[in-house]
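**Q** Input: one structure, supplied below.
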Amino acid sequence: MNEKFKELGLGKYQKNMKNVFDILMEKGNPKLAIRYARRIIEDGQHKTPTEIAPGTKVYELVEELAKYLPENVRIDFLE
């Protein structure tokens, strides 16, 4: 994250940043991030979680929570 933040001219990433969601929405691509995360998990089928690293299933939580966002924000998350 630090490297990407510096690349975008945002300085250093800090844990518990209050505006990190706004930054990610402005500079990031939630749909693409979800797609990449899903692919990492799918490519790691039949492997242990440690063998899949850095894969997590947090994208499933993000997809579920995105359903409760306002429509104009939700479209950035869901296919």
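With our numbering applied, the sequence shown closes on residue 80, and no number is skipped along the way. C-beta: ideal position from N, C-alpha, C; glycine also.
Alpha carbons only, please: which of M18, E43, L11 is nearest the one belonging to E52?
**A** E43
**Q** Can you check which of these residues, A54, R36, H47, is closest to L79 by C-alpha distance?
**A** R36
**Q** Could you check if P31 is buried or exposed, using at least 16 other CB atoms within 10 Å of its CB as the buried criterion?
**A** buried
**Q** Cutting at 8 Å between CB atoms, please list the residues of its own chain near K13, excluding the five before and the five after it.
**A** N3, F6, K7
**Q** Going by the beta-carbon positions, is the gap between A38 and Y60 smaller than 7 Å?
**A** yes
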